[in-house]
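Have a look at the structure below, then the notes.
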Amino acid sequence: MLARVRSGALMGIDAVVVECEVDMALGLPYFNVVGLPEGAARESKVRVVSALKNSGFDLPQKRITVNLAPADIRKEGAAFELPIALGVLAAARLMEEEPLAHYLFGGELSLDGSIKPIRGVLPLAVAARNGGFRGVMVPAANATEAALVEGLQVVPVAHLREAVGHLTGSAPLTPLLRAATPGVGPRKANADMADVRGQPELKLALELAAAGGHNILMAGPPGSGKTMLARRLPGILPEMTFDEALEVTKVYSIQGLLGDEQALMRERPFRAPHHTLSDAGLVGGGPAARPGELSLAHHGVLFLDELPEFRKNVLEVLRQPLEEGAIHLARANQHITYPCRVMLVAAMNPCPCGYFNVPERTCTCPEHRVFDYHARVSGPLLDRIDITVQTRPVEYHQLAAKSQELPSHYYRQRVEAARERQRARFQDAPGVHCNAQMPSHLLRRYCVLSPRAEQMLELAVRHHGLSARAHDRILKLALTRADLEGHGRIEDVDMQLAVDCRMLDRRGWLHANTQGLAGASRPPAPSWRADPVDSNGRRLPSDKD
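Below, the structure written as structure tokens:
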């Protein structure tokens with residue numbers, strides 16, 4: 001006897017429908033699974049037989065062959081055990097096959113027949129909706145995750161007997177339906193910007209990065225607040241839309257990283273891997289081609305602390321993903337694409353000892369070590385970073401001040417207002433959510449420059465030998481500053497900020513400070529402060545007012 005049940009196999013963040021064909025024929029008792037099963041999928045036959053027997057089903061002593069089609073796709077994980085068990089019962093004529101045609105099934109079986117949660121339920125539910133199925137039958141622990149897909153009947157099951165009872169009609173279960181599009185919910189309490197003393201320029205640089213989704217590199221001595229501020233960046237980012245949250249949830253679902261009570265990722269991800277990370281750990285890979293830290297930070301922040309300490313080959317694989325917003329993994333039998341629209345936030349010291357060009361501190365590094373240290377971060381990677389800002393030690397009067405620092409919600413309101421302008425601007429450009437994602441043809445349309453701003457950009461490109469990519473990124477950054485301040489076009493103050501944010505790179509740190517490595521004098525403050533501010537970064541009245 002032959003029976004067919006449908007399930008799904010993961011390919012990237014999507015699932016493809018897999019047909020589980022179960023044939024039961026006369027012969028010596030034998031259970032074989034074919035169709036490129038790997039790992040846990042090969043062991044499914046042992047658990048399926050034990051679960052069926054311990055659930056009270058008497059199987060005939062026959063030869064059982066299970067084929068997972070299409071056979072050229074690797075089948076990983078234990079999600080095929082529930083559909084295989086139901087297919088065996090249908091092939092043995094212990095239940096009808098017709099009800100099996102309306103659902104996609106997924107679930108791992110215990111030896112007693114209980115059904116355990118699995119990875120990738122959300123992509124499975126999306127595949128069921130796209131394939132025209134009535135619904136999915138999944139473990140009860142994964143039911144709320146599957147119910148995120150609109151117009152799909154979700155049948156939660158906790159035991160194999162429950163699944164059979166529902167399909168035969170002897171004990172129907174109540175399906176779980178999604179009534180309406182859920183919101184991403186209230187924002188959880190994050191560390192606040194008000195906790196950080198001083199560094200108003202660095203705070204406003206992070207505000208600028210958050211407003212346009214720009215990559216940022218902070219360089220400065222130990223203890224100047226780089227890591228502390230980077231970890232507060234998610235608190236000033238705008239809330240994710242439901243579509244963005246769904247994309248992030250799919251990535252976390254296939255990795256099995258969703259919490260027991262967490263069906264939807266409500267907060268923007270913040271990933272901070274250690275510098276011993278491998279290139280496969282960063283972009284994804286391995287035998288099963290799983291997503292890496294870049295994809296886990298999709299629509300969020302990837303924070304690389306101590307940037308030069310990462311291996312050079314690891315940093316170099318960042319180039320293409322940062323440019324395209326996607327990672328393409330090619331294997332012998334499959335090609336997988338993972339999304340990675342991330343904000344790269346990096347931090348580093350100015351030299352190995354940490355005190356090059358820091359006032360009142362002596363750098364102990366030989367000159368060649370400083371150059372070698374900066375050479376670990378290549379020029380092409382720096383070219384993809386929109387903002388490079390040099391931090392300074394916090395002064396004592398700032399640490400001892402009784403005044404309150406600006407809280408995160410102050411910056412978040414300004415960031416959300418700037419993002420709202422960008423959403424209106426890009427409403428007819430699918431896949432573009434902020435200025436940093438703007439392609440070249442939109443850049444020419446929306447970046448309207450004042451005459452003086454255009455002169456400043458031309459001078460900067462010629463004088464500093466900036467690349468075409470740097471030219472475009474300066475325009476995007478200037479447009480973000482104009483969005484923050486509510487300008488209709490890019491003014492000279494916006495362009496001055498954007499150009500200065502490109503100057504604090506390796507050439508700025510090393511070649512512009514030629515007075516020596518020991519006790520170097522403090523360089524002038526960044527010239528991109530267009531408006532006067534107080535110690536908290538609050539704008540003060542100026543002549544323009």
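Residue numbers 1 to 545, in full-length UniProt numbering, belong to the letters of the sequence shown in order. From the three backbone atoms N, C-alpha and C, an ideal C-beta is built for every residue, glycine too.
First through last residue of the alpha helix (DSSP H) which encompasses residue i
i, result
"Gly135", "No alpha helix (DSSP H) holds Gly135; the beta strand (DSSP E) holding it covers Gly135 to Pro139."
"Ser440", "Ser440 to Tyr446"
"Leu282", "Asp279 to Val283"
"Leu294", "Glu293 to Leu296"
"Val126", "Val121 to Asn130"
"Thr144", "Ala143 to Ala146"
"Leu381", "Gly379 to Asp383"
"Ser50", "Ser44 to Asn54"
"Phe371", "Glu367 to Ala375"
"Lys312", "Lys312 to Glu316"
Residues bridged to residue i (per DSSP)
i, result
"Lys116", "Glu108"
"Ala330", "His335"
"His159", "Ser114"
"Leu324", "A small correction: the amino acid at residue 324 is Glu; Leu does not occupy that position in the sequence shown. Per DSSP, none; premise fails for Glu324."
"Ile64", "Met24 and Phe31"
"Ser7", "Val18"
"Gln153", "Gly135"
"Tyr103", "Gly135"
"Leu449", "Ile490"
"Ala85", "Bridge partners of Ala85: none, in fact."
"Arg290", "Gly285"
"Ala91", "For Ala91, which the question treats as bridged, DSSP gives no partner whatsoever."
"Phe270", "Val301"
"Leu176", "Val154"
"Ala200", "The sequence shown places Pro at residue 200, rather than the Ala named in the question. BP columns for Pro200 are empty, so no partner."
"Leu2", "Asp23"
Start-to-end residues for the beta strand (DSSP E) that takes in residue i
i, result
"Ile387", "Ile387 to Gln390"
"Met348", "Met343 to Met348"
"Ile254", "Ile254 -> not in any beta strand (DSSP E); alpha helix (DSSP H) instead, spanning Phe242 to Gln255."
"Leu304", "Val301 to Leu304"
Same chain, Cβ closer than 7 Å to residue i, five either side skipped, listed in chain order
i, result
"Gln422", "Cys434, Asn435 and Asp483"
"residue 596", "Coverage of the chain is limited to positions 1 through 545, which leaves residue 596 absent and any answer about it impossible."
"Pro407", "Asp192, Met193 and Ala194"
"Ser456", "This sequence places Met at residue 456; Ser is not what is there. Cβ neighbours of Met456 beyond the five flanking positions: Asp492, Met495, Gln496 and Val499."
"Asn67", "Glu21, Val34 and Gly35"
"Phe80", "Ser7, Cys20, Ala41, Ser44 and Leu68"
"Ala512", "Residue placement at Ala512 is flagged as unreliable, the pLDDT there being 48, under the threshold of 50; a coordinate-derived value is accordingly withheld."
"Arg134", "His102, Tyr103 and Gln153"
"Asp472", "Ser440 and Leu443"
"Ile336", "Met11, Gly12, Ala289 and Leu329"
"Val27", "Val is not the amino acid found at residue 27; the sequence shown has Gly there. Contacts found: Lys62 and Arg63."
"Lys312", "Arg376"
"Asn142", "Pro117, Ile118 and Val121"
"Gly323", "Inspection of the sequence shows that residue 323 is occupied by Glu rather than by Gly. Cβ neighbours of Glu323 beyond the five flanking positions: Arg384."
"Val283", "Gly292, Leu294, Val317, Pro321 and Ile327"
Contacts around residue i, its chain only, beta-carbon distance under 8 Å, and the 5 residues preceding and following it disregarded
i, result
"Leu229", "Met193, Val196, Gln199, Leu202, Lys203, Leu206 and Met218"
"Ala71", "Val34, Gly35 and Leu36"
"residue 590", "No information on residue 590 is available, as it lies outside the stretch 1 to 545 that the chain covers here."
Proximal residues to residue i (C-beta, below 6 Å), its chain only, five neighbours per side dropped
i, result
"Thr65", "Asp23 and Asn32"
"Glu38", "Arg74 and Glu76"
"Ala460", "Val499"
"Arg161", "Ser55"
"Ala40", "Gly77 and Ala78"
"Met348", "Ala219, Leu307 and Pro308"
"Val16", "Ala9"
"Ala210", "Ile236, Leu237 and Val415"
"Arg419", "Pro238"
"Gly113", "Ala51, Asn54, Ser55, His159 and Leu160"
"Leu449", "Ile490"
Quiz item: Are at least three pairs of beta-carbons, each pair with one atom in the region 197 to 214 and one in the region 133 to 152, less than 8 Å apart?
Solution: Per the Cβ contact rule, the region 197 to 214 is not in contact with the region 133 to 152 (fewer than 3 Cβ pairs under 8 Å).
Quiz prompt | Segments assigned alpha helix (DSSP H), at least 4 residues, entirely inside the region 459 to 497 | solution = 468 to 485
Practice problem: Would you mind listing the alpha helix (DSSP H) stretches within the region 387 to 427 that are 4+ residues and don't spill past its ends, in chain order? | Solution: 396 to 400 and 408 to 425
Quiz prompt | Meets three-Cβ-pair contact criterion under 8 Å: the region 82 to 94 and the region 46 to 59 | solution = yes
Quiz item: At a cut of 8 Å, does the region 307 to 321 reach the region 360 to 367 through at least three beta carbon pairs?
Solution: No: fewer than three Cβ pairs fall under 8 Å.
Exercise. Within the region 202 to 242, note down every full alpha helix (DSSP H) run reaching 4 residues or more, in order along the chain.
Key: Correct list: 226 to 230.
Quiz item: Is the region 270 to 277 close to the region 292 to 309, with three or more CB pairs under 8 Å?
Solution: Cβ pair count under 8 Å is three or more, so yes.
Quiz item: Three or more beta-carbon pairs under 8 Å between the region 111 to 125 and the region 238 to 253, yes or no?
Solution: yes
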